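Beneath this line is the structure, given in C-alpha cells, with notes to follow.
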Ligand code: PMP
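Residue numbers (my numbering): 276 to 650.
Here it is as C-alpha cells:
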C-alpha cells in the first residue's frame with residue numbers, strides 16, 4: 276500500500292504512527308551552512324559588501340525602465356542584453372558570458388555541469404568556504420591542498436594535489452577570501468599548466484586587484500579555453516541585494532552551464548539592474564579608489580597595533596591579535612557596536628579576524644574600538 280492518511284489528511288506510517296520525515300542524503304549530513312551571524316550593530320564590517328549604495332543615476336534609470344518590463348511574461352532566457360553589455364565591458368563575445376543569481380550560483384552551475392559523483396574539485400585552504408561546500412552538495416569530491424603559513428600557493432603542493440586527484444575543476448580565488456592576497460599571473464599560468472581540467476578563478480574581489488585572469492581568457496592562446504573567471508555584482512557594483520554574478524569563459528563552458536541552469540533562472544528585473552549598472556563604470560572606479568585608499572589607511576593603523584596582518588588586494592583585511600583570544604576581541608568589538616568576521620575556527624586561520632573596508636567614518640570607529648579592546 277502506498278501509504279495511509281488520517282482524518283486530517285496527514286501521512287501515517289504502516290504501524291499507524293506519524294510517518295517520519297525522510298533522512299537527507301548521507302553525504303550532506305556532515306555539512307553545516309555558511310553564514311555570518313548578523314548582529315544588530317551600527318558598524319557592519321563582516322560580509323565584504325560595498326559600503327556605498329548604488330549611484331543615484333542608476334536608481335533613476337532603473338526606476339524609469341522598470342515601467343517597460345513585461346511582468347506577465349517570462350524573462351529573456353538568454354539574458355541577451357545583459358550578456359552583450361558584459362561582453363562589451365570585458366571585450367569578449369556574448370557567447371563567452373553566463374549569468375546567474377550571484378556568483379555562488381555560477382559556481383553551483385559549474386559544479387553541476389562538470390562535477391558530481393566520481394569527479395573531484397581541487398582547492399587550497401584557507402580559501403572561500405563555499406567552493407568546498409557547493410562541491411560537496413553536488414556530490415563532487417573535494418581534494419583540499421594547503422597554502423603556506425603566509426597563505427601563498429606553493430606550486431609543489433598544487434602539483435601534488437592535482438597529480439593525485441586529477442580534478443575536473445581547480446579553484447583559485449584571487450584575491451583570496453579571507454586572506455586578501457591575489458595570485459600573480461605567473462601563478463595562474465603555472466596552475467593552468469598543471470591542471471588537467473578547468474581552472475576556475477573566482478574574482479569576486481577582482482576589481483580591487485592589480486591583475487586579472489580575464490587577460491588569459493581574452494588572449495585566446497591555446498589551453499586558455501580551460502580558464503573560467505567568475506565575477507559578481509555584490510561587491511564593487513554595490514548590488515549584493517540584487518544577487519547577480521557571471522562567468523567569462525569559452526563558449527563550451529557557457530553552454531555546459533546553460534544545460535544545468537533552471538529555465539528562466541535570471542529574472543527580468545535583475546537583468547535590467549545589471550545591464551544599467553554597467554553604464555556607471557566611472558563611478559565604480561572612483562569607489563574602488565576610495566576603498567583602496569581606506570584599505571591602506573587601515574593597514575597602516577593595524578601595523579601600529581599588536582596584531583599580525585597580511586597584504587590585501589581586496590576590500591577586506593585579515594588580522595590576528597597577538598597573544599589575545601580572537602573570540603574575546605570579536606566580542607569586545609561587538610560590545611562597541613562594530614561587527615567583523617570571526618574566522619578563528621576556520622581551518623588554517625586560528626586566531627584570525629577579517630574586517631571589511633567600510634566608509635571612512637566606519638573604519639575610524641573600527642580602529643578606535645580595536646585599539647580600546649587591545650589596550
Ligand atoms: N566568491 C567569493 C570569493 C566571495 O567572497 C563571495 C561572497 N562572499 C562570493 C563568491 C559570492 O558572492 P555572490 O554570490 O554574492 O555573488
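Virtual Cβ for every residue (Gly too), placed ideally from N, Cα, C.
Since this is a predicted model, take the numbers as computed values, not measurements.
Taking the DSSP output, what are the residues bridged to residue i?
| i | result |
| --- | --- |
| residue 596 | 582 |
| residue 374 | 521 |
| residue 474 | 445 and 502 |
| residue 400 | 421 |
| residue 319 | 614 |
| residue 416 | 395 |
| residue 507 | 520 |
Could you tell me the distance, in whole angstroms, from the CA atom of residue i to the CA atom of residue j?
| i | j | result |
| --- | --- | --- |
| residue 277 | residue 475 | Confidence in residue 277 is poor, its pLDDT being 43 and thus under 50, which makes the residue's placement unreliable; the coordinate value appears in the next sentence. Roughly 46 Å between the two C-alpha positions. |
| residue 555 | residue 571 | 25 Å |
| residue 393 | residue 372 | 28 Å |
| residue 494 | residue 315 | 47 Å |
| residue 526 | residue 411 | 26 Å |
| residue 344 | residue 352 | 14 Å |
| residue 594 | residue 549 | 33 Å |
| residue 512 | residue 648 | 33 Å |
| residue 381 | residue 538 | 15 Å |
| residue 523 | residue 293 | 50 Å |
| residue 590 | residue 406 | 20 Å |
| residue 468 | residue 515 | 34 Å |
| residue 377 | residue 306 | 21 Å |
| residue 445 | residue 461 | 16 Å |
| residue 533 | residue 385 | 10 Å |
| residue 456 | residue 296 | 45 Å |
| residue 346 | residue 544 | 9 Å |
| residue 641 | residue 439 | 44 Å |
| residue 546 | residue 357 | 6 Å |
| residue 303 | residue 613 | 34 Å |
| residue 634 | residue 323 | 12 Å |
| residue 334 | residue 359 | 21 Å |
| residue 596 | residue 390 | 39 Å |
| residue 542 | residue 331 | 22 Å |
| residue 501 | residue 403 | 21 Å |
| residue 581 | residue 366 | 45 Å |
| residue 431 | residue 313 | 39 Å |
| residue 497 | residue 464 | 12 Å |
| residue 325 | residue 639 | 17 Å |
| residue 619 | residue 327 | 28 Å |
| residue 630 | residue 562 | 18 Å |
| residue 478 | residue 510 | 11 Å |
| residue 615 | residue 584 | 15 Å |
| residue 565 | residue 428 | 29 Å |
| residue 506 | residue 448 | 11 Å |
| residue 576 | residue 557 | 29 Å |
| residue 540 | residue 518 | 12 Å |
Tell me whether residue i, by its Cβ, gets closer than 7 Å to a heavy atom of the ligand PMP.
| i | result |
| --- | --- |
| residue 325 | no |
| residue 479 | yes |
| residue 520 | yes |
| residue 507 | yes |
| residue 515 | yes |
| residue 726 | Any question about residue 726 goes unanswered here, given that the chain covers just 276 to 650. |
| residue 377 | yes |
| residue 452 | yes |
| residue 448 | yes |
| residue 403 | yes |
DSSP on residue i, reduced to helix/strand/coil?
| i | result |
| --- | --- |
| residue 630 | strand |
| residue 278 | Because the pLDDT at residue 278 is just 46, under 50, the model does not fix this residue reliably, and the value given afterwards should be weighed accordingly. Residue 278 falls in the coil class under three-state DSSP. |
| residue 356 | helix |
| residue 410 | helix |
| residue 614 | strand |
| residue 570 | helix |
| residue 395 | strand |
| residue 591 | strand |
| residue 486 | coil |
| residue 644 | helix |
| residue 605 | helix |
| residue 327 | coil |
| residue 333 | helix |
| residue 344 | coil |
| residue 365 | helix |
If residue i and residue j are in contact, beta carbons under 8 Å, what's the gap, nearest whole angstrom?
| i | j | result |
| --- | --- | --- |
| residue 521 | residue 374 | 4 Å |
| residue 388 | residue 531 | 4 Å |
| residue 508 | residue 552 | 6 Å |
| residue 437 | residue 401 | That belief does not hold up - the Cβ atoms of residue 437 and residue 401 are roughly 19 Å apart, past 8 Å. |
| residue 574 | residue 592 | 6 Å |
| residue 637 | residue 318 | 5 Å |
| residue 442 | residue 418 | 6 Å |
Is residue i close to chain B, meaning its C-beta is less than 8 Å from at least one C-beta of that chain?
| i | result |
| --- | --- |
| residue 623 | As a matter of chain content, chain B is missing from the structure shown, which is built from one protein chain. |
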